[in-house]
Every structure is written in structure tokens, then in C-alpha cells.
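Residue numbers (the numbering used here): 31 to 323.
Just so it is clear, CB atoms sit at the ideal spot from N, CA and C, and this is done for glycine as well.
Here's the structure we're looking at; comments come further down.
And the structure:
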């Protein structure tokens, strides 16, 4: 490999971990690296430390040292980049790379899903959001955060499960094995739910989503209603992207496969398959900037 050869690094820095891949200009994979969470919600220093740990791992796997960072053009896509003032803070970072492009992890996932072409995604995991890029224009639907947003997400399903189980406990709804199993997580005591609620976050509510899915598959009327309501909200997000002239829409995220089975038939027919991952999206982003520059 010539010392003058440009290298490209794609980084997907999310809330659960940071992954990256080092490639040549021709797309040959040289190495990959992983590190802990890189969300900017953890703070700028912690986020960038995770990015650099993953980058060093990729360089080491490629047989390259840190002195070769000056050959690397990096596309670094991070969760939480939309926070106020974050872009300005990132611009002040003394990057070791030849060029650094920062974007959101959601945009990276969108670009990766459609091989860098125009398209949109609905991310369904702990939270939910619709994202698209069309003719250089970005579109965002939802993603306002739990509990005011993130409809159809794991956290949203978990909240619905607790609500119906409390109503069943009071006698306002029929009790079923599902509602009993939900409250069993709290020793069957609604006041334990209240104590838990005071400290719980979206990820805590999302731990109840598998319970909803399992009982919905078993035919429980409450669990099925929760899934149907959640799916209707995801249906609306997909249809809204198509109404805004997004050419392709794909589902991604930990709950995407499970939720797809509950979507309306017309929505399912129009969905596209995912072509690549968020790292591929980050790489396409930095390659696009290089070509433009």
C-alpha cells in the first residue's frame, strides 16, 4: 500500500457501543474496531475517547500505527449530535485525521440502508424515529423522546403494558395471564410500580416489550391491542415518508422485524430491504465530502 493512498474510516457511535471500519479508496476492508458507548449525551470527551479507541483498533488490525492517522478521512456519526451547541464543540476538536466529517448516527443508518442513495428509514428500538434524505434535504418524523414521543417503540409498548395491567388490577379491564405477568415484575403491587416509575428511564420500560410480543403471539387480547396500536403509529410514519416523496423506506432497529409482522399489508408491500449498515453510511458520507471537495 502506497504511503500516499487515502484511507477512509467510518464510525457508528451509538448509545450502546462504537463500531468503525477502515477501508481503502477502492472499498477494500483493512480493519475494524469497537469500543464502548459514544453517544454525545455522555459528554464530548467520553464520546471522542470511544471513537479514538475504536479507530486505533481498526488501524492496529490493518497493521498501521497512529502516525498514519494523517492519511485517514473519517466519517464520524454520533448519537446526540443534534443537542444544542454540539456541532460547535465538535468543530473545535483537534482531529488527528486528514479530514473529519461529523453527522448523526441516524443519518449514517439511513445512508447505509440505501447504499448512499436517497431513501428513508424508520428506526424501531428502545425509541422510534423516521429519517430520510432526498436530494440533499433531510426529513425527520417523530423521535421527540419518551414518553412524549417514540411511538411504537419498545419503551412505548412497555408503558402501554403497565397501564393496561394497572387497569386490570383495579377491575377496569379483564385480567389475563399477560396483565398478571406484567405486575409480577413488581411483586403484584401497584405501589411498587409507582416507586419504580420515579426512577425508570425509557430503557427500563423497553424491557417489558418482549413480554408484550410473547403474549401477543399467544393471542392475549390486551397484548395484541398494544401491538396493533403501536403498528398503526409506525404505519403512519412510513406513509408520511412516502407522502413526502421519499423513494425507498426501510425498517431498522431491534424491534423492526417483530413490528413489521403487525404492519398494514399495504405498508409492508412498500418497504425496501436494508442494503448496508450505519458504518457503510458513514463511509459513503465522508467519500461524498471528499468527492465534493
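On the three-state DSSP scale, how would you describe residue i?
| i | result |
| --- | --- |
| residue 174 | coil |
| residue 124 | coil |
| residue 248 | coil |
| residue 238 | coil |
| residue 119 | helix |
| residue 44 | coil |
| residue 322 | Confidence is the limiting factor: at residue 322 the pLDDT is only 47, short of 50, which leaves the residue's position unreliable, though a coordinate-based value still follows. Residue state, collapsed to three classes: helix. |
| residue 204 | coil |
| residue 32 | For residue 32, the pLDDT reaches just 45, beneath the cut-off of 50, and the residue's location in the model is therefore unreliable, although a value from the coordinates is still provided. Of the three classes helix, strand and coil, the one that applies to residue 32 here is coil, per DSSP. |
| residue 113 | coil |
| residue 272 | helix |
| residue 311 | helix |
| residue 254 | helix |
Starting from residue i, trace the beta strand (DSSP E) in both directions and tell me its first and last residue.
| i | result |
| --- | --- |
| residue 62 | 59 to 65 |
| residue 49 | 48 to 54 |
Just to confirm the assignment, what range does the alpha helix (DSSP H) spanning residue i have?
| i | result |
| --- | --- |
| residue 161 | No alpha helix (DSSP H) holds residue 161; the beta strand (DSSP E) holding it covers 158 to 164. |
| residue 78 | 74 to 91 |
| residue 223 | 220 to 227 |
| residue 193 | 184 to 200 |
| residue 290 | 286 to 290 |
| residue 297 | 295 to 300 |
Would you tell me roughly how many angstroms separate the C-alpha atoms of residue i and residue j, rounded to the nearest one?
| i | j | result |
| --- | --- | --- |
| residue 203 | residue 254 | 14 Å |
| residue 107 | residue 247 | 36 Å |
| residue 194 | residue 66 | 36 Å |
| residue 257 | residue 181 | 11 Å |
| residue 322 | residue 92 | Residue confidence is low: residue 322 scores 47 on pLDDT, short of 50, so the model does not pin down where it sits. No coordinate-derived value is stated. |
| residue 31 | residue 39 | In this prediction, residue 31 has a pLDDT of 45, which is less than 50 and means its spatial position is unreliable; what the coordinates show is noted afterwards. The straight-line gap from Cα to Cα measures roughly 16 Å. |
| residue 235 | residue 143 | 28 Å |
| residue 137 | residue 308 | 8 Å |
| residue 145 | residue 288 | 24 Å |
| residue 411 | residue 151 | Past the edges of the chain, shown from 31 to 323, lies residue 411, and the structure says nothing about it. |
| residue 123 | residue 96 | 17 Å |
| residue 273 | residue 201 | 42 Å |
| residue 78 | residue 114 | 17 Å |
| residue 228 | residue 211 | 21 Å |
| residue 293 | residue 214 | 30 Å |
| residue 278 | residue 225 | 44 Å |
| residue 133 | residue 269 | 26 Å |
| residue 261 | residue 80 | 35 Å |
Look up residue i in the DSSP assignment and give the residues it is bridged to.
| i | result |
| --- | --- |
| residue 134 | 108 |
| residue 150 | 162, 279 |
| residue 168 | 163 |
| residue 37 | 54, 102 |
| residue 129 | 103 |
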